[in-house]
Each structure stands twice: as C-alpha cells, then as structure tokens.
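Please read the structure below before turning to the comments.
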Amino acid sequence: MATMAKQDQIIGNSASFLDLMDQISRAAPLDRPMLVIGERGTGKELIAARLHYLSGRWNRNFQKMNCAALAESLLESELFGYEPGAFTGARNRRAGRFEAADEGSLFLDEIGTMSMAAQEKLLRVIEYGEFERVGGTDTINVDVRVIGATNIDLPAAADAGEFRHDLLDRLAFDVITVPPLRERPEDIMLLAEHFGMAMARELEWLVFPGFSRTATEAMMDYAWPGNIRELKNVVERAIYRAWDGEAPICDIVFDPFESPFRPPAKTNRPQNTTPEDNADQQEDVAKAGPCLPEGPFDLRSQVCEFEKTLYGHALKVNRHNQRKAAEHVGLSYDQFRHGLKKHGLL
Ligand SMILES: Nc1ncnc2c1ncn2[C@@H]1O[C@H](COP(=O)(O)OP(=O)(O)O)[C@@H](O)[C@H]1O
Ligand SMILES: [Mg+2]
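Residue numbers for the sequence shown follow this note's numbering, beginning at 3 and rising by one.
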C-alpha cells in the first residue's frame with residue numbers, strides 16, 4: 003500500500019492549520035484540479051501528497067514535477083513525452099509524466115514558471131484529458147488529476163499576461179492557501195520539538211533535552227522567511243552542534259553563513275579598486291541616501307518607497323528578528339509590525 007512515510011507526517015495545532023487540514027480533507031475526494039499557494043517551505047508538496055492519498059486515486063501513481071527545473075522545450079517533453087525524431091537525440095519513443103500519472107495525480111510545482119506553449123497543452127489535458135506527444139500526431143487520452151503549486155500571485159501574473167487566464171480559471175477550482183509559519187506562532191515550538199526529537203534519535207541520544215528559554219524566545223521572535231523547511235534546518239543544526247544531549251539546547255544559529263571570515267558580496271563596482279576604495283564609496287552612498295529624482299515627483303510615494311526599503315534593510319541586518327529590528331530603528335515592536343504590515347512585508 004502506498005502510505006505516506008513517517009517523515010512525511012504533517013504537524014500543526016494552530017487554528018489556521020486545523021482549518022487548512024479540514025479544507026484538504028474536503029477537497030481531496032473531489033476529482034477536480036487544485037491550486038496550493040504559499041511561501042517557500044510551507045509544506046505545499048506535503049499537502050499535494052495528502053490531497054492524493056486521501057482521494058480515490060490513492061493507490062495509483064502520484065507524480066511530482068518542478069516546472070522551474072527544466073528549460074521550456076525539455077519541460078514539454080518531460081510532461082507529454084516524445085516520439086522518435088522529435089528532436090536531435092530522441093531515438094526512442096518516451097512516455098511523459100501525464101502518461102505515468104494516468105488514473106493518479108500529477109503535482110506541478112512552481113506552475114507559474116510554465117511557458118505559454120506548455121500552458122496551452124496543459125489546459126487541453128485538464129479540459130479534455132488529451133494531448134499529443136512532442137513530435138507526434140496520435141492523440142493520447144489520460145485521466146489525471148492536476149495539483150498545481152506556486153508562491154507567486156497567479157491572478158496578478160495573469161493580468162500581466164504571463165499566465166493564461168483560462169488555465170487559471172480551470173486550475174483554481176479551489177485554492178488552498180497555506181499560511182506562513184509566522185502567522186501561526188502556536189506551531190513553531192510544536193514543530194521545533196518534533197524535528198528536535200527526530201534529530202536526537204538520529205544522533206542516538208538517550209533523551210531529547212528540549213530547548214532553553216532563550217532559544218525558545220529566539221525562535222518565537224524570528225520571522226521564518228523559509229518557513230518550516232528553514233525551521234527544520236535551524237533545529238537540526240542547533241542539535242548536532244550541541245555538545246551532548248544533556249543540557250537544554252540554547253544556541254540557535256539562524257544563518258549558517260554568518261562568520262567574521264565570510265567573503266563580501268559581489269558589487270557592481272569597477273574591478274580595479276581596492277577594498278578601501280570600496281568602503282569609502284559605500285560610505286558615500288550611505289551618506290548621500292537614495293538617488294534623487296530628476297523631474298517632478300510625487301513626494302509621498304517616494305517617501306513611502308524609501309520607508310519600505312528601510313524596513314527591509316532593518317529586517318535583513320537583524321536576520322529577520324522583528325524585535326531586534328524594531329529596537330534597531332527606534333520603534334516599539336508593535337509600531338514596527340504595523341509598518342511591516344503597511345508595506346506588505348508581513
Ligand atoms: N506541517 C508540517 N509538518 C511537518 N513537516 C512539514 C510541515 N510542512 C512542511 N514540512 C516539511 O518542511 C519541508 C518543506 O516542505 P515542502 O512541502 O517541500 O514545502 P514547499 O513545497 O511549500 O516549499 C519538508 O521537509 C516537509 O516535510
Ligand atoms: Mg516545494
């Protein structure tokens with residue numbers, strides 16, 4: 003039986019997480035395409051798998067494909083297969099993912115990156131269950147449930163002419179939007195304990211000592227831009243770096259690149275300058291502030307843009323710790339959060 007592996011357990015206890023699980027259970031048995039939307043690392047792939055395994059298709063193939071992983075033409079032959087001679091090197095016929103997923107489900111990750119040509123073919127499979135292999139003329143019939151995922155705003159992409167409206171209408175029979183981890187803080191420590199225990203087991207510690215208060219506070223304060231994938235890494239790193247499994251884990255490193263010896267980021271400055279020149283120039287830029295507009299300009303929107311840049315900068319230099327960032331810019335935590343919301347940075 004195709005059960006989900008133990009490591010694929012979906013954990014959460016917040017109200018929004020439980021609502022999400024409800025929505026998934028209701029949507030799973032429906033033979034309709036679905037869209038899963040959410041920031042990176044929020045568990046979109048796990049959710050797609052759950053939609054499949056809770057559907058009538060559970061004992062059939064669940065195929066996964068990341069649309070951003072392949073160039074345009076390769077993606078088409080990967081999805082729809084090809085006939086001999088379709089392109090140089092295509093000696094034999096090859097079935098694509100749609101044929102492999104027949105009677106099952108196909109998860110299309112980063113669906114917003116798909117070319118217009120591939121989108122057109124996709125629309126036809128979803129609507130009529132038919133397509134031709136690349137370089138072929140025979141029409142193939144399949145019965146595949148498509149589950150798409152993305153972290154971009156697809157309606158905006160459609161308005162900008164980058165995604166087909168008709169495909170969006172068809173895919174968005176229902177949309178499952180996964181809340182980011184920082185919007186469900188109740189789940190942070192639950193997940194941290196879960197990943198912590200699994201890591202302690204992997205290291206063959208006798209017990210998992212838990213996290214110290216400061217470690218807990220640091221994790222609760224952090225904004226988790228990489229969501230659960232990031233949390234898992236941070237927890238596993240903290241545990242393997244800890245000396246042994248006796249004292250509660252207290253050292254949390256959010257950014258493993260942080261080091262006094264870290265090489266400086268590449269800038270677009272002229273090559274033949276010394277580091278001292280660069281430092282001087284950077285200081286000049288900081289003193290000069292943002293570029294001044296040449297013609298007439300809208301003062302309020304310019305100020306607003308600059309404010310947004312400063313909020314982003316404050317977050318970055320404080321490694322997304324909102325409390326520290328607020329302190330850094332002389333605002334209260336609530337004022338700072340308010341500003342982040344206003345600029346759509348939350
Ligand atoms: N609710 C959850 N409970 C347990 N693990 C989770 C949960 N959500 C995500 N994960 C884990 O986080 C990682 C990222 O999940 P994934 O589904 O690949 O995210 P996305 O596709 O949204 O980037 C995976 O290791 C996954 O197992
Ligand atoms: Mg993913």
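Cβ coordinates follow ideal geometry from the N, Cα and C atoms, glycine included.
Everything numeric in this text was worked out from a predicted model, so none of it was measured.
{"Query": "Supposed close pair L108, V146 - CB separation, criterion 8 Å", "Result": "5 Å"}
{"Query": "Own chain, CB closer than 6 Å to A174, minus 5 neighbours either side, in chain order", "Result": "L37"}
{"Query": "Where S79 falls, given that 16 or more other Cβ within 10 Å makes a residue buried", "Result": "buried"}
{"Query": "6 Å CB neighbourhood of A217 in its chain, flanking five on each side removed", "Result": "I251, C252 and I254"}
{"Query": "C-beta contact flag for F82 and G106 at 7 Å", "Result": "no"}
{"Query": "DSSP state of Q284 mapped onto helix, strand, coil", "Result": "Note that Q284 scores 45 on pLDDT, short of 50, meaning its location in the model is unreliable and no value can be drawn from it."}
{"Query": "D111 Cβ short of 6 Å to ligand 2 heavy atom set", "Result": "yes"}
{"Query": "Sequence-distant residues of its chain with Cβ nearer than 7 Å to R172 (five each side left out)", "Result": "P35, L125, I128 and E129"}
{"Query": "CB of S2 within 7 Å of CB of R186, strictly", "Result": "One cannot answer for residue 2 here, as it falls past the ends of the chain, which runs 3 to 348."}
{"Query": "H345 versus A328 - alpha carbon distance", "Result": "15 Å"}
{"Query": "Spatial distance of D21 from F89 (CA atoms)", "Result": "48 Å"}
{"Query": "Coarse secondary structure for R239, derived from DSSP in three states", "Result": "helix"}
{"Query": "Coarse secondary structure for R264, derived from DSSP in three states", "Result": "coil"}
{"Query": "beta-carbon I12 near ligand 1 non-hydrogen atom, thresh 6 Å", "Result": "yes"}
{"Query": "N-terminal and C-terminal residue of the beta strand (DSSP E) that D176 is part of", "Result": "D176 to T179"}
{"Query": "Straight-line Cα distance separating D257 from W226", "Result": "11 Å"}
{"Query": "Local Cβ density within 10 Å of H322, reported as buried at 16 or more and exposed below that", "Result": "buried"}
{"Query": "Check: E47 C-beta below 6 Å from any heavy atom of ligand 2", "Result": "yes"}
{"Query": "V180 classed as buried or exposed, judged by whether at least 16 other C-beta atoms fall within 10 angstroms", "Result": "buried"}
{"Query": "Sub-7 Å separation of N228 and G14 beta-carbons", "Result": "Going by the sequence as given, residue 228 is Gly instead of Asn. No, the pair does not count as a contact, with Cβ atoms beyond the cut-off."}
{"Query": "Enclosing beta strand (DSSP E) for G150 [first to last residue]", "Result": "R147 to T152"}
{"Query": "Heavy atom of ligand 1 within 6 Å of T44 beta-carbon", "Result": "yes"}
{"Query": "V144 - DSSP class collapsed to helix/strand/coil", "Result": "coil"}
{"Query": "Own chain partners of N68 with C-beta closer than 7 Å, once the 5 adjacent residues on each side are dropped", "Result": "D111 and E112"}
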